[in-house]
Amino acid sequence: MANVGDMVVGYATDENVRSRGASGGLVTAVLAAALEKGLVENVVVMKHINEFEAVPIITDNVEEVLASTGSLHSVPVNLAKYAVGRKVAMPAKPCDVQAVIEQGKREMIDLDNTYIVGLNCGGSMHPITTKKMLVEMYDIDPEDVIGEEIEKGKLIFKTKNGEEKAIAIDELEEAGFGRRESCRFCTLKIPVNADLACGNWGVIGDMAGNATFCQVMNEKGAKLLENAIEAGRIEVQPASDKAIAIRDKVNSVMEDLGSYLEKEIFPEIPDEERMQYYMDQMENCIDCGACKEVCPVCACGEDSKCTMFHSLVDNYKMSMYHLVRFMHLSDSCIACGQCSDVCPSDIPITLLQSRFSIPSQRRRNYQPGMNLDTPPFFEVMLK
Amino acid sequence: MKEMIYQTVCPGCNIGCGLYIRENEEGALTVDFMKSSSANLGKLCRFGMKLPHHYSKATSMVDGKEADIDAAVKAASDKLKGTRNVTMLAVGATTNEEHLGFTKIADALGTVVNTGIGAYEEIPSECHPSISQGIPLDDIENAGRIALFIDPYVQYPLLVRRLLAAKKNGATIVSLTCCDLNLADENVSINPADYKTELGLDSNSIIITDVNPHSDAEQVKNLLNLALVTGSKIMFMKPFVNSTGVHLLGKSAGQIGLHDIMDGINDGSIKTLVTLNSDLLELMPNTADAAETLEKLDDLVVITSIDGPVNEMATIVIATEPLYAKAGSFMNVEGQVLNNSGESTVGIDAMSTLSQNLGGEAFDFQAMHSKMMESVVRKFTAPKYSELECKVMETAAPAENSGNLISVYNPFMWCNQTDDNDFVIVNMNMVDKLGLQKGGMISLTSDAGSVNMRYTVRDIPDGLILTMKKLPVVTGNTTEVKAEAV
Amino acid sequence: MTQKETITENKQEDELRIGAFICECGINIAGTVDCHAVADYISTMPHVTTAVVNKYTCSDAGQAEIKKAIKDMNLNRVLVASCTPKTHEPIFRACVEEAGLNPYLFEFVNIREHCSWIHMWEKEDATNKAKELVRMGVARAALLEPLESSEVPVTDAALVIGAGVTGMQAAMDIADMGHKVYLVEQGPSIGGKMAQLDKTFPTNDCSICILGPKMVEVARNKNIEIMSYSEIVDVDGYVGNFKVNVKHKPRYLDIDECTGCGLCTEKCPVEVPYTEFNEGIGTRKAIYTPFPQAVPLRALVDKSICIDCGACIKACERGAIDMDQKETFSELDVGVIVVTAGFDVYNPEPNNEFGFGLYDNVITTMEFERLINASGPTMGKVVRPSDVKPPKRIGFVQCVGSRDKNSNIYCSSFCCMASLKNAQLLKEKYPETEVYIMYMDMRTPFRMYEEFYNRARDMGVRFIRGRPAEVTENDDHNIIARIEDTLTNEIVNLELDLMVLSVGAVAPESTETVRQILKVSKAADGFMMEAHPKLKPVDTTLDGIFIGGMTQGPKDIPYSISQGSACAARATRFLAQGKALTEGITAKVDDDICVGCGVCVPMCPFQALSVEDNKLNIITALCKGCGTCMAACPTGALQQSHFKNEQLLAQVKNVFAYGEV
Amino acid sequence: MMTDKEWTPKIVAFCCNWCSYGGADTAGMGRFQQPASTRVIRVMCSGRIDPLHVFNAFLEGADAVLVTGCHIGDCHYVNGNEKTEVRYQFLEEMLQQLGLEPDRLHLNWISASEGERFANFIKDVTAKVKELGPSPLKPAGVK
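Chains as they are written, first to last, in the numbering used here: chain A, -8 to 374; chain B, 4 to 489; chain C, 671 to 1331; chain D, 305 to 447.
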């Protein structure tokens, strides 16, 4: 029996899954079991293309789930939009979970029928930056990479010929590589908003590297875990106090780092300079609309207020599109960084948006994407 | 049907932006980002984001009636068999493999495949590879000085971030386009004769320009000369996804440009035209004129994956699978071979049958792919700038801007795809002079007709009007129009 | 060749022809604004067919000119620049409608109140501003769309919820006007609180003597169907078309067979305090009739205390009793709903206010009413609870649960008069009794009320301005109230045999359920909220739903009855016409754009919006056209007709121009 | 041309039909003189005023934007103005972060009887905005 609040350490029973998947393949096995036992109709997983590319697929095929890739730090995709309109189980970083819940608030995802296996996340990297970093910092040919891992603040790459090379993340970020900007100031590292919160933090002793720590966050989580145990896909044991303490420790170190970096990433801009700052940042916008398309919390279709009243014919000093978006997302932006990732003019949209949304959210003591009790728009209840 | 996910390349220009096309259970398309694509890091421009609107599916037709593809191929074989003077056109809007297949048909008909850019004819062939292939896109970011002869925002938007990065790395950007560019350090207007002295280019500089079917050969030569004398690198952008591939794969000898083809049709020397993903109604500046010309053909055989306007005029349409679904490869401006993940060979197989029916070779995708790899990849294993091998050329002065209405070519215009570009650009002086009302219209009249357009105000030189959309009043790259308030 | 056609600009299918009429309003406008300059300026704008200046556009001559221009010049939009739409828009809308134009194709620009009158000394600025205002209007006029107010048929039946005196009045008035009424009462008899009262102020009529005949009249009215011992479970729909689900609680006997003879009650061995009607004074049986004048005069079984002995079944000659009876439901179709669900008296027990609940001899007004009532449990003999002896010193404490920051801030309005009445009754019945009224302010408005107060004084009732600061009980169970008389600044220790708390009215929990089912809004005091405190005192914001009597807030009987009649009149308008007009300016949704996110749904105060199958559903009949939902809509799929985003933004854009006007 | 005349700001005022528009009318009826700076746009309820409209007004060239409606509790549509207030708070925070001077955006509740209050409000805002000068968002060439 799994109960809400349980903390366990577990791994997949299947030898193949255990060795293939990261940290004992528990997550993969839980997802496979959910599909097998009919808890869900589909599973969203990342189909492996290469070490730097994976594509989210929606599958009802257990084999495809088992063959899916483990966590890839350099494939920073947000999965929420792929779950829209379906009954799925899915793995999810904390920001994926936030986006799924925000979509749930907008009636795009039926959260009662969506099972979210959360994954701890210390941050992700852009694939091209990673490739460049491999060449410049690690002296490794990106083609030779077969695996990566973050341990004790170091980023480790494994190559075909069995070598490993580790460099401290601090050092990498100093050199302009490392995690995406939005990951650096993120402080949601353990997906406490998911149904299950899984990760390798707190997996100690001989289990280290071969098992996953898993916390049951709610009834759905209990159902997921129980289902996988019943299906014989996983084996779990209660986490020791020491394991729990270590997990908390790692988490608080990561959170502190995020808070510290936030100050660095968002330097104060004097009142009288801000308008010019925003104009300069946005002057190269080519109106592609990718930031809206990729946004995992936006539920609008192609036509929406931000696009309908924005026209290339206007010669405004600021973009109507961006102003409306800044406004509409000020309550719900989760700063996942997708918009910055896809901007063809390299506008740091996430950072700009965060300058509006973070203070707005903090002032109201509100963090989007944490639970369904808080409304999608402050408009209604948060008075 | 399950959702299909295709790894493919944006057909908007020859930067070769990688992306995914997802086709859902109902056949609806969405674009998804492929962040590991080195040309674009998964980023896409306005055109790329609107690709689902671009991919309209063509239908095979014979004499105006719907037909299946086999019947269309058969009809085309019957029409073309024994026909002399067949002209073939493929501008580079499909895969290397299909282009090679098309070339086989040309072989069978004893003719060549024209890629439509007339400027090539007038430039020594040793220069062609350098025009065809540019420099690695990453190199732009490390240039010291960049001279821009294109408007990157409108024409090749994925260059914008490269240029911004260059600027961040210390480059100076000089714009010679007609619109003041945000990212340029200097926006200048210089007589071509003075480029050498005024622009301050050296071996650490890059000239970025473009060449397209309407380019003025003299200006191309001028810029090549400029690169030769200053030691600067030069990069020719092109409007079609596989422009680089088709120029490296094709025979350059005996080719003629789009305008020559149209002239040929008009003077009756061309009676039969076969095109591969090349819609002359879209490609020519004035659609009505182009339509009038094409009417004069005896036979127009269109092989295409797009439901373009020319299909309606064609004697035969051989409809192939959409570009994203094709098995095949493209070569982008930096010389990178980019592969589609699609596995369909409908187009190639149809061309093989056609070739065979015309007495030529039969072939399959694999054969064409190997051939492509042999002839292209062997030479260009990794993107690298190849030094110019030609000599400084004699040039005449480029044709003076003969009109005040300038077409700023962009992907939407080449595909004649609807966009929010239903306006022209003027400057504040023109607003004052004509007494244009805010939110009102401007009337443009040329020999070709008259049109009322919305307008917007930007910093552009006095007297000029820019359009990013094909207008019925346009007759060429520039058109003389009379502008009035409505 | 289709290509050739498509490249020529597509012609607008219906060319815009705007007529602009600039009013001089005598010199009200023309004295400041150069109206001819405005007309000249505006005639250069696109689509403006004609721009003329009138002396008085609203005069017959002016209106005739508009009508003629519409006909002669085939105008399809009309703009008048004159005074305020608040007064003149209906006039001009009617005018263009008479000329065959949809009234919503009319645009009003205010250049008098908003221009000439406020810039009287800056003529140039005023003229320029007028030009701009008219320019904005022309831009908006070009985008106006014809609208139709739609009609919905009205079911010819009314539902009245709550059969107190207000509900009875409303039901009778509606019924007398010839319409079917369902009168639903949650208790076993109609009559409400008034049936419990002894006498009524200011005439001291016997309450049940005047109410009883009315109750019988209600029962006899052929158009009224009484549903006693019934509750509203669910209401769906909108004005004219409400579907109501009513639950009939089981009485455990056949109401058609029972005659209310009382034989069963006699035999019943179970006896409990009668709280429902007699405030716990006296008892009732497990099977009982509510009170002698009850309508319907039928028994009911209190199953919670019944011991299933079967004595009643044996006693009933007509075999009416059915201990297996189950609750039943009725589906009603009604066009209008009147809510007269009444009130509860304030309960001082939880906080033991003034010793209530601690000391037996502290009681409430309602208990006192039953004590002094001739048909009450003591046959009208006033005795005190501790020793059942007649009290000689009685004090009334006013404003218990009213005008108090700790309970209810409002004045319950009837309690002063109620205590005056009870004091008088005591003085009449027991002249030797000392009667005190401890008050903050005596509030006695309306006819004969102040006189009533004076009469009480004349009868020797003693008034102490102040309320007990401390209440204790002595060994004789007498109440000692320590009061500061704020008129004399003396501290008084008043020894009383009985103290009556004059409790106020509160909104009861049972009406809260009704309120939520109907989705009527609630005022800060907990009572239901009227649409407008002055102009629409018995309407709610929901068309077709009316509130009257105590449901809307504390009031006395005459006021309640007036409201009952008012509700009937307001409600019958719909029934008599057989149709209801819905607002022309309403929310519209573009289904192609709407994603069904539901952000708008809680915005609507009128419950007009719901999301079904990922699409928004708008009940136009409920929409009042405020536009709050559109501002919340993230996609822009929701639009308010006549105030579409495009129309408003056209005005915004035309505030500005290149160059001077 | 008014070249040598003092610059007058352009202020866009959104007014609700029932209260603040009536307040503007009452100001007129009372002949409360005001600077000719304001252009009133009527909506049925202040709840209809979309941040979108305010952005557009600024981008078109407004030197200030006024959002006005009925006093809280007086809304003719139950509580439209309460929603306006919530939206306004977001809008205000956003425009402030954007670097627009706070005096360029105002929320005010004005009843139909408060003509003088309306006039004084316009006077105040106009004076403040005059000090600030033209909006930094005003496009070139726009009057």
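Backbone N, C-alpha and C define an ideal beta-carbon position, used for all residues, glycine too.
By the rule that beta-carbons nearer than 9 Å mark a contact, Tyr1328/C touches chain D. A distance below 7 Å between beta-carbons, with the five flanking residues on each side excluded, links Thr178/A to the following residues of its chain, in chain order: Glu246, Gly249 and Ser250. The beta-carbon of Leu436/D is placed no less than 9 Å from the nearest beta-carbon of chain A. When the five nearest sequence neighbours on each side are left out, the beta carbons in the same chain lying within less than 6 Å of the beta carbon of Thr341/A are those of Ser173, Ala326, Gly328, Cys330 and Ser331, in order along the chain.
Between Val31/A and Tyr106/A, the gap from beta carbon to beta carbon is short of 9 Å.
Relative to Val905/C, the option among Leu1188/C, Gly862/C and Cys1086/C whose CA is nearest is Leu1188/C. When Cβ-Cβ separations below 9 Å define contact, Val349/B makes no contact with chain D. Taking C-beta separations shorter than 6 Å and ignoring five residues to either side along the sequence, the partners of Cys86/A in its chain run Ile325 and Cys327, following chain order. Relative to the Cα of Glu1282/C, the nearest Cα in the group Thr1298/C, Cys1267/C and Thr1142/C belongs to Cys1267/C. At least 9 Å separates the CB of Gly138/A from every CB of chain B.
The Cβ of Glu264/A sits closer than 9 Å to at least one Cβ of chain D. At least one C-beta of chain A is nearer than 9 Å to the C-beta of Ala168/B.
In the three-state scheme derived from DSSP, where H, G and I count as helix and E and B as strand, Ser1045/C is classed as coil.
When the Cα atoms are used, Ala1320/C and Leu813/C turn out to be separated by approximately 8 Å. Taking the C-beta atoms as reference points, Arg763/C is found no nearer than 9 Å to His717/C.
Per DSSP, reduced to three states, the secondary structure at Ala431/D is helical. With its beta carbon at least 9 Å from every one in chain A, Cys181/B lies outside the interface.
Taking the beta carbon of Pro118/A as reference, the chain B residues within 7 Å of it are Lys38 and Ser39, listed in sequence order.
Distance from the Cα of Pro127/B is smallest, within the candidate group Val395/B, Asn43/B and Gly67/B, for Val395/B. DSSP places Thr388/D in no beta strand (DSSP E) but in the uninterrupted alpha helix (DSSP H) bounded by Gly384 to Leu402.
If only complete runs of 3 or more residues are kept, the stretch 736 to 811 of chain C shows the beta strand (DSSP E) at 747 to 752 and 776 to 780, in order along the chain.
Secondary structure of Met(-2)/A (DSSP, three-state): strand.
Annotation: Cβ neighbours of Lys308/A in chain D (cutoff 8 Å, chain order): Leu363, Pro440, Leu441, Lys442 and Pro443.
For Trp413/D, the enclosing beta strand (DSSP E) has its first and last residue at Leu409 to Trp413. With respect to Ser1180/C, Ala840/C sits apart: the two C-beta atoms are not nearer than 9 Å. In chain order, Asn69, Ala71, Pro287, Val288, Ile325, Cys327 and Gly360 place their CB closer than 7 Å to the CB of Ala90/A, counting only its own chain and leaving out the 5 sequence neighbours on each side. Scanning its chain for C-beta atoms nearer than 6 Å, with the 5 sequence neighbours on each side dropped, one finds around Gly331/B the residues Thr98, Glu100 and Asn343, in chain order. Using beta-carbon distances, Val163/B does not count as an interface residue toward chain C, since no partner is under 9 Å. Under a criterion of Cβ atoms nearer than 8 Å, the residues of chain D adjacent to Arg782/C are, in order, Gly332. Within 10 angstroms of the beta-carbon of Asn360/D lie 16 or more other beta-carbons, which makes it buried. DSSP, reduced to helix, strand and coil, places Phe148/A within a strand of the structure shown. With a contact defined as Cβ atoms closer than 8 Å, Ala368/D and Arg408/D qualify at about 4 Å.
Here the stretch 1077 to 1094 of chain C makes contact with the stretch 855 to 871 of chain C; the two share three or more CB pairs at distances below 8 Å.
For Ile902/C, the uninterrupted beta strand (DSSP E) run begins and ends at Ser900 to Tyr908, by DSSP. The beta-bridge partner set that DSSP reports for Met198/A is empty. Residue burial annotation: Pro1115/C is exposed, with fewer than 16 other C-beta atoms found within 10 angstroms of its C-beta.
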